[in-house]
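Using full-length UniProt numbering, read the sequence shown as starting at 1 and increasing by one per residue. Note that beta-carbon positions come from the ideal geometry of N, C-alpha and C, so glycine has one too. Notes follow the structure.
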Amino acid sequence: MADGEEPAKKRQRIEEQPEKMALDVSSSSSSSDWDGRWSHVQKFLERSGPFTHPDFEPNEETLLFLLDTCKILVIGAGGLGCELLKNLALSGFRKIHVVDMDTIDVSNLNRQFLFRSKDVGRPKADVAAEFINSRVPGCQVVPHFKKIQDFDESFYRQFHIIVCGLDSIIARRWMNGMLLSLLVYEDGVLDQNSIIPLIDGGTEGFKGNLRVILPGMTACLECTLELYPPQINFPMCTIASMPRLPEHCIEYVRILQWPKEKPFGDSVGLDGDNPEHIQWVFQKSLERAAEFSITGVTYRLTQGVVKRIIPAVASTNAVIAAICTTEIFKIATSAYVPLNNYLVFNDACGLYTYTFEAERKEDCSACSQVPQKLQFPPYAKLQEVLEYLTENASLQMKSPAITATLEGRNRTLYLQTVASIEERTRPNLCKTLKELGLADGQELAVADVTTPQTVLFKLNFTS
Ligand SMILES: [Zn+2]
Numbered sequence: 001m002a003d004g005e006e007p008a009k010k011r012q013r014i015e016e017q018p019e020k021m022a023l024d025v026s027s028s029s030s031s032s033d034w035d036g037r038w039s040h041v042q043k044f045l046e047r048s049g050p051f052t053h054p055d056f057e058p059n060e061e062t063l064l065f066l067l068d069t070c071k072i073l074v075i076g077a078g079g080l081g082c083e084l085l086k087n088l089a090l091s092g093f094r095k096i097h098v099v100d101m102d103t104i105d106v107s108n109l110n111r112q113f114l115f116r117s118k119d120v121g122r123p124k125a126d127v128a129a130e131f132i133n134s135r136v137p138g139c140q141v142v143p144h145f146k147k148i149q150d151f152d153e154s155f156y157r158q159f160h161i162i163v164c165g166l167d168s169i170i171a172r173r174w175m176n177g178m179l180l181s182l183l184v185y186e187d188g189v190l191d192q193n194s195i196i197p198l199i200d201g202g203t204e205g206f207k208g209n210l211r212v213i214l215p216g217m218t219a220c221l222e223c224t225l226e227l228y229p230p231q232i233n234f235p236m237c238t239i240a241s242m243p244r245l246p247e248h249c250i251e252y253v254r255i256l257q258w259p260k261e262k263p264f265g266d267s268v269g270l271d272g273d274n275p276e277h278i279q280w281v282f283q284k285s286l287e288r289a290a291e292f293s294i295t296g297v298t299y300r301l302t303q304g305v306v307k308r309i310i311p312a313v314a315s316t317n318a319v320i321a322a323i324c325t326t327e328i329f330k331i332a333t334s335a336y337v338p339l340n341n342y343l344v345f346n347d348a349c350g351l352y353t354y355t356f357e358a359e360r361k362e363d364c365s366a367c368s369q370v371p372q373k374l375q376f377p378p379y380a381k382l383q384e385v386l387e388y389l390t391e392n393a394s395l396q397m398k399s400p401a402i403t404a405t406l407e408g409r410n411r412t413l414y415l416q417t418v419a420s421i422e423e424r425t426r427p428n429l430c431k432t433l434k435e436l437g438l439a440d441g442q443e444l445a446v447a448d449v450t451t452p453q454t455v456l457f458k459l460n461f462t463s
């Protein structure tokens, strides 16, 4: 299988590096190792079995590669991150970096098991690294209490494999874009050595998913962006006239009854952190539910729906992180065929899982090298272009900044993120493309938080 061969080449390259040559049994790996410490890993690497990769020769060096050379980056030190760090450390990975911008909250403690009550308020990355380093001898986790956007290409390039345990789609998309920007093309041909595999795990309540992305070779995140629905909303007609679920009743009160009755005064909006507000919504939702003989409205659910909380389930995190680690192990060692390339897991009702191959999109805005087209009539307003960029299912940008080169000058047509520039460029939104001086075939550069790179679009005038 082609997918299995490419990382093999990558590892071969890594092994040829001088630092690898210098390794011997007396190197750092042995200082904290005792007899049989890695026997569980050796079983997979030093003998063959029905699932070993057809090209893999069992050997003793691969374990040394794991212990001393292979460098893994874990993005996120939350529910998935804690599991990932523990799994990686116990599987023999020792050169691990972890990036997380959050601090520990008391509500994390039930599942983010590297943290204790005394750690509340401290950076997750720091505490997680300290815990693993003190518990697993020889393991060196390097913490970064930062945003992923704080690092540049040179930081990301040092890793062999990157694994994401994030709850933010924007951050995932940014990471995907970063790894695509590291790819080197020579005469249009992808240099395999520039590929850093990305393992992406995600969980939502009892549902989880996982994908293995070889940037530039297999489907990237943006290729299948349609899989992320913009936001789970119930149809208004259901909420207003035929509720079936307790959530429908709560949404009814939140969306329709609160603005109408203004229980806490004219200018008071619903605040999910205010217990009195939640209590009011809860009582009204109970009344609504009783009307339709619906059961299951609780204070907790009310708070969940109002604040859009999806409960985190520790067991789902454990399963997804375990599969992520297995995939990292498979790619790092080349001993087994990696997942191709998307796995779905659901244990809400029984246990259901399957895998499928997500396909590359030929004109993917992130990984295809194909110029993106924007088709609009010359009399379309810039506002319509902006709406297209944010609402189109395969783009889903958040706050796109549009610039164009006009008469040799770089002009910002619209930029939302800086208030003063937003104010200055806002009038452009009501102007037509023609009025803005844009011509057929004009290139528009669009920057957005979902990607570290600017996306180039070519404007095609339709009549
Ligand atoms: Zn793509």
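Contact check for glycine 76 against threonine 103 fails: the beta carbons are separated by 8 angstroms or more. DSSP places lysine 431 in the coil class of the three-state scheme, outside both helix and strand.
Of the heavy atoms belonging to ligand 1, at least one sits nearer than 7 angstroms to the Cβ of alanine 366. Residue pairing by DSSP places threonine 62 in no beta bridge whatsoever. Residue state for leucine 270 is assigned as coil, using DSSP reduced to three classes.
Residue Leu85 holds the alpha-carbon nearest to the alpha-carbon of alanine 125 among Leu85, Pro259, Arg157. For ligand 1, no non-hydrogen atom lies closer than 7 angstroms to the CB of lysine 207. About 5 angstroms separates the beta carbon of asparagine 341 from that of threonine 218, a gap short enough to meet the 8 angstroms contact definition.
Looking at the DSSP output, isoleucine 199 sits in a beta bridge with Val163, Val212. When DSSP states are grouped into helix, strand and coil, glutamine 453 belongs to the strand group. Annotation: the continuous alpha helix (DSSP H) that includes alanine 129 extends over 124-135.
The beta carbon of lysine 373 sits closer than 6 angstroms to the beta carbons of Lys458, Asn460 from its chain, once the five residues preceding and following it are set aside; these are given in chain order. Per DSSP, the continuous beta strand (DSSP E) segment holding threonine 412 begins and ends at 409-414.
Restricting attention to beta strand (DSSP E) runs no shorter than 3 residues, the stretch 53-108 encloses them at 71-75, 95-99, ordered along the chain.
By the beta-carbon neighbour count (other beta carbons within 10 angstroms, threshold 16), glutamate 57 is exposed. Beyond the five residues adjoining it in sequence on each side, glycine 272 comes within less than 6 angstroms, by CB distance, of Val306, Lys307 in the same chain, given in chain order. Taking a contact to require three or more Cβ pairs closer than 8 angstroms, the stretch 326-346 and the stretch 63-78 qualify as touching.
Taking C-beta atoms under 8 angstroms as the contact rule, leucine 80 and glycine 201 qualify, at a distance of about 5 angstroms. Taking a 10 Å sphere around the C-beta of glutamate 362, we find fewer than 16 other C-beta atoms and assign the residue as exposed.
Nearest in C-alpha terms to threonine 325, of all of Phe93, Thr62, Asp440, Ala445, is Phe93. Scanning the stretch 240-299 from its first residue to its last, the whole alpha helix (DSSP H) runs of 4-plus residues come out as 246-252, 258-261, 275-291.
By the neighbour-count definition (other C-beta atoms within 10 Å, threshold 16), glutamate 61 is an exposed residue. When DSSP states are grouped into helix, strand and coil, lysine 118 belongs to the helix group. Just so you know, the alpha carbons of glycine 49 and asparagine 59 end up roughly 13 angstroms apart. Burial state of proline 427 is exposed, judged by a 10 Å Cβ sphere holding fewer than 16 other Cβ atoms.
Ranked by Cα distance from isoleucine 199, the first of Gln192, Tyr252, Val163 is Val163. For threonine 353, the enclosing beta strand (DSSP E) stretches over residues 352-356. Relative to ligand 1, glutamate 222 has its C-beta within less than 7 angstroms of a heavy atom. Judged by their CB atoms, leucine 180 and isoleucine 328 are not nearer to each other than the 8 angstroms cut-off.
Remark: C-beta atoms of leucine 227 and arginine 172 do not approach each other more closely than 8 angstroms.
Looking only at Lys147, Asp119, Leu182, the smallest Cα-Cα distance to serine 154 is reached by Leu182. Alanine 401 places its beta carbon less than 8 angstroms from that of valine 446.
Secondary structure at isoleucine 328: helix, using DSSP grouped into helix, strand and coil. At least one heavy atom of ligand 1 sits closer than 7 angstroms to the Cβ of lysine 361.
At a cut-off of 7 angstroms, the beta-carbon of alanine 358 does not count as near ligand 1: no heavy atom of the ligand is closer than that. Close CB contacts of leucine 413 within its chain, under the 7 angstroms cut and outside five residues either way in sequence, are with Leu382, Ile402, Thr403, Ala404, Thr425, Asn428, Leu436 (chain order).
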